[in-house]
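K.L.:
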Amino acid sequence: MRHNRKFNHLGRTSAHRKSMLSNMACSLIKHKRITTTTAKAKALKVYIEPLLTKSKEDTTNSRRLVFSTLQDKAAVTELFRDIAQKIANRQGGYTRILRTGFRLGDSAEMCIIELVDYNENMLKEKEVKKATRTRRSSKAKKEAVDATVVEEKPAEA
Numbered sequence: 000m001r002h003n004r005k006f007n008h009l010g011r012t013s014a015h016r017k018s019m020l021s022n023m024a025c026s027l028i029k030h031k032r033i034t035t036t037t038a039k040a041k042a043l044k045v046y047i048e049p050l051l052t053k054s055k056e057d058t059t060n061s062r063r064l065v066f067s068t069l070q071d072k073a074a075v076t077e078l079f080r081d082i083a084q085k086i087a088n089r090q091g092g093y094t095r096i097l098r099t100g101f102r103l104g105d106s107a108e109m110c111i112i113e114l115v116d117y118n119e120n121m122l123k124e125k126e127v128k129k130a131t132r133t134r135r136s137s138k139a140k141k142e143a144v145d146a147t148v149v150e151e152k153p154a155e156a
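Residue numbering for the sequence shown follows numbering that gives the first Met the number 0, beginning at 0 and increasing consecutively.
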């Protein structure tokens, strides 16, 4: 029975789980995208989202709170300097989980967890969609049809 098991313990002791999630969070902050199992990614998402929210407010207290969980000066510095500026106007949902299939050895479900604002491919698609919206009139359609008819006549002659 799973009474009062609010989160996934991942088959580890609490000390091992805390250090693993801290290391994964530091790797995600440094590399902006990591590959892991789906269960670990879901646990990491719950772990790192509050830290990203705290990084929006750059105070000594928030830096100390984040450092107490991450234990990595370089990751904390990058989080508050670079990442906090990119996510400043986002209300939440700082990470994205993309499933990639199953691992060959043990068939564990694998995925990529990434910071949403750092995926250039998805950001480009949004910009392209906005740029391609144009209003077309019936006049433009008629001109296009006339141009194709004119091109076909010299080919027949």
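By construction, the Cβ of each residue, glycine as well, lies at the ideal position given by its N, Cα and C atoms.
Straight-line CA distance for R102 to K44?
P.N.:
Between R102 and K44, the C-alpha separation is close to 21 Å.
K.L.:
Are L51 and Y93 close, meaning C-beta to C-beta below 8 Å?
P.N.:
Cβ distance < 8 Å, so L51 and Y93 count as in contact.
K.L.:
Short of 8 Å in beta carbon distance, which residues of its chain neighbour H8, apart from the five on each side in sequence? Order them along the chain.
P.N.:
Same-chain partners within the cutoff: R16.
K.L.:
Assuming I33 and I112 are in contact, meaning their beta carbons sit under 8 Å apart, how far apart are those beta carbons, in whole angstroms?
P.N.:
Right, their Cβ atoms sit about 6 Å apart.
K.L.:
Alpha helix (DSSP H) containing F66: first to last residue?
P.N.:
That run of the alpha helix (DSSP H) goes T59 to L69.
K.L.:
Where A24 and M109 are concerned, what is the direct C-alpha to C-alpha distance, given to the nearest angstrom?
P.N.:
Whole-angstrom Cα-Cα distance: 17 Å.
K.L.:
Exposed or buried, what is S18 when buried is set at 16 or more other beta-carbons lying within 10 Å of its beta-carbon?
P.N.:
The residue is exposed, with fewer than 16 neighbouring Cβ atoms inside 10 Å.
K.L.:
Do the CB positions of I28 and L97 come within less than 8 Å of each other?
P.N.:
No. Outside cutoff.
K.L.:
Check M121 in the structure and name its three-state DSSP category.
P.N.:
It is helical.
K.L.:
List the DSSP bridge partners of M109.
P.N.:
DSSP, once it has assigned bridges, lists T36 and G100 as partnering M109.
K.L.:
So, helix, strand or coil for T12, using DSSP?
P.N.:
The answer is coil: DSSP assigns T12 none of H, G, I, E or B.
K.L.:
Looking at C-alpha atoms only, which residue of D71, N88 and K5 is the closest neighbour of K41?
P.N.:
Selected option, being the one with the closest Cα: K5.
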